[in-house]
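Residues are numbered in our numbering as their position in the sequence shown, beginning at 1, plus a constant of 1083.
By construction, the Cβ of each residue, glycine as well, lies at the ideal position given by its N, Cα and C atoms.
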Amino acid sequence: MARVTAEVDSKSELAEFSQNPDFLIEIYRLMYLSRRVDDREIMLKRQQKIFFQVSGAGHEALLVGAALALKPGYDWFYPYYRDRALCLALGNTPEEQFLQGVGAAADPSSGGRQMPSHWSSPLLHIVSQSSSTTTQCLQAVGCAEAGRYFARHPEALAKAEGDYRQFKNVEFHGDEVVYVSLGEGATSQGEFWESLNTASNAKLPVLFVVEDNEYAISVPVEVNTPGGNISRLVANFPNFHFAEIDGTDPVTSYEAFQAAVAWCRSGNGPALVHGHVVRPYSHSLSDDDKLYRPASELEADSLRDPLPKFQMRLLREGILDEAGITRLEKQVDEEVRLAAERALRSPLPEISSICKHVYSEDLDPTSPNIETKPALSADKQDRTMADLINCCLSDELRRDPRMVIFGEDVADCSREKYLEAGKVKGKGGVFKLTAGLQAEFGADRVFNSPLAEANIVGRAIGYATRGMKPVVEIQFFDYIWPAMHQLRNELSLLRWRSNGTYSSPVVVRVAIGGYLTGGSIYHSQCGESIFTHTPGVRVVYPSNSLDANGLLRTAIRCDDPVLFFEHKRLYRETFGRAPYPGADFAIPFGKAKIVRTGTDITLITYGAVVPRALQAAQKAHREQGIETEVIDLRTLSPYDWDAIATSVRKTSRVIIAHEDMLSWGYGAEIAARIADELFDDLDAPVKRVAAMDTFVAYQPILEDAILPQPEDLYRAITQLAEY
Ligand SMILES: Cc1ncc(C[n+]2csc(CCOP(=O)(O)OP(=O)(O)O)c2C)c(N)n1
Ligand SMILES: [Mg+2]
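Below is the structure:
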């Protein structure tokens, strides 16, 4: 049956439409279909034909109401795992849903990579979901911001050859709405509140739906929500339309959503619909609710089950008689049975496909074609790393209208009138890396975020999903952790988990590292190996101005997410300055630089240890005649194994040095691979030089002792030479 929707302009039209018998029958059909798909999945799980089941039972009325008030393939959707009925009503088929349970190759959500009920459909604009409750909220906000950006900057829609834009089809509508839903339990997560903050502040067309079934697995609502009612807690956010409704009644729900959607569509701001629903089945098939809910409570809930309630209404009002109900249900039962049978016969994914879509299949940032030479210009002045990063950001903002920059303090001045009146010069980052960019490119493109790191990365993912290029800043590596969930479970994973149908090629610039004399624990940390241990994200760590410029350009044009580590100590160092290399200078990822050639020892390093390694190598040459080859890896994931292997085969002695702690550090992996693949070429054990296994202290004599110094490297070189 064709999807029933209403383009209703007035309340009376809406009231009339929502009592239309065909409409009511279609609502019942969708609700019943959703329940029957759940029931069939439960049976298949019990027969061990599928491997997981979580149902949408009890939430059907609310979600059918929501779907019918929205436009699939026009609006955008970030649904929760309970949203089976929403997805069916948007146009997902039962077979597509069963393919998820089977984990079939043809599963359109993930190709067998995700559990069932993790919805995704590029056609319908359903964005791939993770299992992490609440990460979807900030992404939905970013998605809405991108829509608004495209409306204001139509020049950004144009495709361009030679960078990520070549592979991104941008679609937007000036009045689109972004739907995002979550359970009442998930509203306890900080990211929910961070998303309300930005949606409210920026008056974004985000429709939040809280599906309140009063339980988060076994934890009742009063434990999660002070006072037991989320509507009361959120009521003071400005610019919102709020509705608290009986989500077991589809018509009430539909009408509430029509009003909420209208509010969002006309640009008034976000809306939040809080629907009270029930959970007639346990949390999932792995849960037994009788362990924590008495029979009396379950019985009371069953009286509110939307399905029998709505069936009663159809019968009572004579919209369908018993025979009509039976006919409709039989049709649906048969449709569901056949869909499940087809899904069970569907071929399974190939083992050989496992690594597909970890990274972009379209654009390879390691390609030697990326490499260009610095362009000669009249300006021969040597520039710092800070200068050349700023130049690259500025050049790329000019070149790519889809690029935006945001983060803490990155704007010149959020109160633009001060800038315009020339009253202030502007800040442009705590390290001034983004100085002057808001002034030149405007506050739509360079702006401050709230002080919330998950907000920065989560929104950036939403932007990038829509085909934009957010280049965001984490002010200090030490404060990257609030964004960790978004980085690890979302940013790096979106492409793989959606089987290549969604991606988020964001650049996250992060100021990292110590040697600051007084930086102390919370301004000096490293920790890059945590991210090189995360598939899906590229990790870059330059040691000098020119590399920073060329690698940042590759990062920005890249189709993969990139973590771009900028060492604070190197920002304005005399070491490694270079003249401006032009607006197209780029360096491919995965290509190390031999910064000193030698025949006796290979010293592999990166970042701020590069100048220290060179110092040590020069001393070893001067005092002992030892020739050390120093390799600057420049990118840590991918890394240049060929350069390492070639050098180790030549020298047969190798040191891996880094500023981060020794144990479980980046060097451990390189050392293990050398031991494994180059054992026959070695004349000595593989040696590592790194920080002590502790944090970085404030007092400079402690900091010096904790972090690897040129003396430590010199000692390692001379010891290894004697071996
Ligand atoms: C960040 C995170 N923590 C824990 C879990 C495990 N978990 C899955 S569902 C769930 C309860 C969610 O409750 P609620 O948000 O009320 O949704 P409901 O299941 O009731 O629809 C928990 C704790 C998770 N998926 N993600
Ligand atoms: Mg719940």
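- D1642 is positioned such that its CB atom lies closer than 8 Å to that of S1586.
- Taking the Cβ of A1299 as the reference point, at least one heavy atom of ligand 2 falls within a distance shorter than 7 Å.
- When distances are taken from the beta-carbon of N1312 to the heavy atoms of ligand 1, even the shortest one reaches 7 Å or more.
- Around the beta carbon of H1208, a 10 Å sphere encloses 16 or more other beta carbons of the protein chains shown; the residue is thus reported as buried.
- Look at T1270 here: in three-state DSSP terms it is helix.
- Of N1531, E1099, Q1180 and F1320, the smallest CA-CA separation from K1286 is found for F1320.
- By DSSP's assignment, V1360 forms no beta bridge with any residue.
- Around the beta carbon of V1147, 16 or more other beta carbons lie within 10 angstroms, which makes this residue buried.
- Contact between the segment 1180-1187 and the segment 1524-1543 is absent, with fewer than three C-beta pairs closer than 8 Å.
- In the DSSP annotation of this structure, the continuous segment of the alpha helix (DSSP H) that includes F1233 starts and ends at T1218 to R1235.
- Runs of the alpha helix (DSSP H) lying entirely within the segment 1708-1758 and spanning at least 4 residues, in chain order: 1724-1734.
- In chain order, R1679, T1711 and V1713 place their CB closer than 6 Å to the CB of A1700, counting only its own chain and leaving out the 5 sequence neighbours on each side.
- DSSP lists A1594 as the beta-bridge partner residues of E1649.
- Contact check for N1632 and F1668: beta-carbon distance about 6 Å, within the 8 Å limit, so the pair qualifies.
- Its Cα nearest to that of W1579, the residue R1196 stands out among E1412, R1196, P1162 and S1138.
- DSSP, reduced to helix, strand and coil, places F1559 outside both helices and strands of the structure shown, so it counts as coil.
- The residue from D1329, A1339, V1513 and E1274 with its alpha-carbon nearest to that of L1290 is A1339.
- Unbroken beta strand (DSSP E) stretches of 3 residues or longer found wholly inside the segment 1142-1202: 1159-1161, given in chain order.
- Ranked by how close their Cα comes to the Cα of S1575, the residues A1543, G1597, Y1598 and G1602 have A1543 in first place.
- At a cut-off of 7 Å, the beta-carbon of S1215 counts as near ligand 1: some heavy atom of the ligand is closer than that.
- When only Cα atoms are considered, L1173 and Y1115 end up about 15 Å apart.
- When the alpha-carbon of T1548 is set against those of R1399, S1264 and Q1212, the nearest one is in Q1212.
- Taken atom to atom, the span from the alpha-carbon of I1328 to that of M1126 is near 32 Å.
- The DSSP-derived three-state label of Y1298 is strand.
- Between V1120 and R1167 a beta carbon distance of about 6 Å is seen, short of the 8 Å cut, so the two are scored as contacting.
- Rounded to whole angstroms, the gap between the alpha carbons of V1590 and P1625 is 15 Å.
- V1261 sits close to P1288, with the two beta carbons spaced by under 8 Å.
- I1488 carries a strand assignment under DSSP once its states are collapsed to helix, strand and coil.
- By the Cβ criterion, the segment 1751-1766 is not in contact with the segment 1669-1678, since fewer than three pairs of Cβ atoms, one from each stretch, lie closer than 8 Å.
- For F1340, no beta strand (DSSP E) run applies; the uninterrupted alpha helix (DSSP H) run containing it begins and ends at P1333 to R1348, by DSSP.
- Runs of the alpha helix (DSSP H) spanning 4 or more residues and lying entirely within the segment 1454-1541 occur at 1468-1482, 1499-1503 and 1520-1524, in chain order.
- Residue state for V1415 is assigned as helix, using DSSP reduced to three classes.
- Inclusion of T1734 and I1684 in the CB contact set at 8 Å is warranted, their separation being smaller than that value.
- Excluding its 5 nearest sequence neighbours in each direction, K1651 has C-beta neighbours in its own chain below 6 Å: A1594 and G1596, listed in chain order.
- Check the Cα spacing between E1259 and each of N1296, S1349, C1170 and E1786: the tightest is with S1349.
- Straight-line measurement puts the Cα of S1607 at about 7 Å from the Cα of L1599.
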